[in-house]
Amino acid sequence: MEFDTIAAISTAMGEGAIAIVRVSGDDAIAAVDKIYKGRKTLLEVESHTIHYGYITEKGTGQVIDEVMVSLLKAPRTFTREDIVEINCHGGLVSVNRVLQEVLRTGVRLAEPGEFTKRAFLNGRIDLSQAEGVIDLIRAKTDKAMNVAIGQVEGRLSKKVQKLRQALLETVAHVEVNIDYPEYDAEEMTNNLLREKAQYVKGEIEKILNTAQQGKILREGLSTVIIGRPNVGKSSLLNSLVHEMKAIVTDIPGTTRDVIEEYVNVRGVPLRLLDTAGIRETEDIVEKIGVERSRKVVKEAELVLLVLNYGEQLSVEDENLFKIIEGMDAIIIVNKTDIPQKIDLEKVKQLAKSRPVVTTSLVEDQGIDDLEEAIATLFFQGNIESGDLTYVSNSRHIALLHQAKGTIEDALQALEMDVPIDMVQIDITRTWELLGEIIGDTVSESLIDQLFSQFCLGK
Ligand code: GDP
Ligand code: ZN
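Heads up: the sequence shown at position 368 corresponds to 368 in UniProt numbering, and the numbers run straight through without jumps.
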């Protein structure tokens, strides 16, 4: 394919201090060479080498920044095009000036995600891998990162391709049967179709089972801390945020009306809702009203209910238990450093089978147990396996659900003995839906929309 040469600031992940201008395309090397001064010109150096030099202003020759330039010739590059990366030393101001200078040579500013889009269009990666790159950029914990990396490496793609292959084989088989009805006993075809369709359905279900965990790893487990005034909600929030380190305080490109904070608990990202309410007013219920707080609680995936070890259970406490009826929750009985007044047996009863943890936040006791409880709840006894094919992207999940629907239609049609070419329609549709995950059958507008979600410079 033919593309023009593009450039953007592309800062290395996790290393905010180093700023890189990345240039990709046929003219990348010649363009940068016009403004680069080093021991050799870039035209005479070998691929996959790094060079020390200066970027200078076109015309005046004035030095803009001291740089390291990496030169990567097609096709062994991320975009499969020639790539020049200019590592700037002088921070953000000079990286912008370097970019301006590159653009003055006639190179175009890249759109968000355009490098990755090229990698996709040039056949270097498939669509689900490209989406993995988006997730990688946004990954909030190491585990989320692993899921994203798995996706970039094509774990989901491989699975999906395998399933599509199986479907294709059945379609081929049906074609033969339609063209030469006498060639194959109808019953054999039916059995084979049923077997393959069952297999595909089972595999789709397996992938979908990881969806919830995948989604949580990607987006965070929405969590709310509730409890009467003074039981220790703010203290809990602080020890979660401080001990386990807040990872992300704002997500670029999203606006939300509740303030959120992320904490990483043994690889599970908790997205703490309405922490502002807890911080500012000392009592979320008082500030936003019972109805609204009930709503906040209902929206949460996990409730941390805090009780006071040194006081008897009150009517309000019991009401809070009613509000969280049927929800995933951890009951935290705090202030074990003061004499016990609470009836722990009663608490356990009200908790039903949900975990009860005792803590003394002032003495830093019980945080480990709390972490353990959160991790156990999340992984539900599953091994935190690195080789599971997690699916975490909502577009993939939606497509897998649809594909599961159409393959179920096929199975049902087989049960009802409808003509085989009718069954084939459902199977073909399933094959198409799976293809959309890896970008085989997606429309151009969808591709544009997906890539526009990227950060600039990726
Ligand atoms: P909130 O109103 O539920 O947010 O409660 P805070 O976190 O603001 O805590 C209320 C008071 O209880 C503060 O003075 C805290 O220092 C104190 N506190 C919090 N945790 C503990 C604990 O484990 N033991 C004791 N003795 N006091 C605590
Ligand atoms: Zn508080």
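Ideal Cβ positions, reconstructed from N, Cα and C, are used throughout, including at glycine.
Residue i - containing alpha helix (DSSP H), residue span
{"i": "Ser394", "result": "Ser394 to Glu415"}
{"i": "Asp337", "result": "Unbroken run through Asp337: none, as it is neither H nor E."}
{"i": "Glu436", "result": "Ile420 to Ile438"}
{"i": "Ile323", "result": "Val315 to Ile323"}
{"i": "Arg118", "result": "Glu114 to Leu121"}
Extent of the continuous beta strand (DSSP E) run through residue i
{"i": "Lys37", "result": "Tyr36 to Gly38"}
{"i": "Val268", "result": "Val268 to Leu272"}
{"i": "Ile50", "result": "Thr49 to Thr56"}
{"i": "Ala329", "result": "Ala329 to Asn334"}
{"i": "Gly227", "result": "Leu221 to Gly227"}
{"i": "Gly306", "result": "It should be noted that the sequence gives Val, not Gly, for residue 306. Note, Val306: beta strand (DSSP E), Leu302 to Asn308."}
Heavy atom of the ligand GDP within 6 Å of residue i beta-carbon
{"i": "Lys341", "result": "no"}
{"i": "Ile225", "result": "no"}
{"i": "Gly366", "result": "no"}
{"i": "Asp369", "result": "no"}
{"i": "Val362", "result": "yes"}
{"i": "Asp317", "result": "no"}
{"i": "Asp337", "result": "yes"}
{"i": "Ser235", "result": "yes"}
{"i": "Gly439", "result": "no"}
{"i": "Asn308", "result": "no"}
{"i": "Val231", "result": "yes"}
{"i": "Asn334", "result": "yes"}
Closest Cα partner of residue i within the set the options
{"i": "Gly366", "options": "Val67, Lys348, His396 and Val333", "result": "Val333"}
{"i": "Ile374", "options": "Gly220, Arg294, Leu400 and His401", "result": "Gly220"}
{"i": "Ile20", "options": "Met422, Ile9, Ile437 and Gly123", "result": "Ile9"}
{"i": "Ala130", "options": "Asp82, Phe78 and Asn96", "result": "Phe78"}
{"i": "Thr49", "options": "Asp82, Asp65 and Gly59", "result": "Asp82"}
{"i": "Asp409", "options": "Arg395, Ile425, Ser394 and Leu399", "result": "Ile425"}
{"i": "Lys73", "options": "Gly106, Glu432 and Ala28", "result": "Ala28"}
{"i": "Arg22", "options": "Glu57, Val69, His51 and Glu345", "result": "Val69"}
{"i": "Gly435", "options": "Met422, Gln198, Leu411 and Lys158", "result": "Lys158"}
{"i": "Asp317", "options": "Val160, Lys40, Glu299 and Pro229", "result": "Pro229"}
{"i": "Ser235", "options": "Glu169, Val362, Ser94 and Leu156", "result": "Val362"}
{"i": "Ala403", "options": "Val418, Glu203, Asp328 and Leu193", "result": "Glu203"}
{"i": "Val306", "options": "Ile342, Val98 and Lys298", "result": "Ile342"}
{"i": "Ser24", "options": "Val268, Arg39, Lys37 and Leu103", "result": "Leu103"}
{"i": "Glu301", "options": "Asp328, Tyr309, Asn319 and Gly310", "result": "Asp328"}
{"i": "Ala197", "options": "Val297, Gly53, Ala30 and Ala413", "result": "Ala413"}
{"i": "Ala7", "options": "Gly132, Glu101, Lys346 and Lys34", "result": "Glu101"}
{"i": "Leu304", "options": "Ser353, Val224 and Asp126", "result": "Val224"}
Residues that residue i bridges to, as DSSP identifies them
{"i": "Arg108", "result": "Ile6"}
{"i": "Asp27", "result": "Beta-bridge pairing links Asp27 to no other residue."}
{"i": "Ala351", "result": "BP columns for Ala351 are empty, so no partner."}
{"i": "Ser360", "result": "Gln365"}
{"i": "Ser70", "result": "Ile50 and Glu85"}
{"i": "Ile20", "result": "Asn87"}
{"i": "Asp65", "result": "Ile55"}
Residue-chain proximity (residue i, chain C), Cβ-Cβ < 7 Å
{"i": "Glu299", "result": "Chain labels in this structure do not include chain C; a single protein chain is all it has."}
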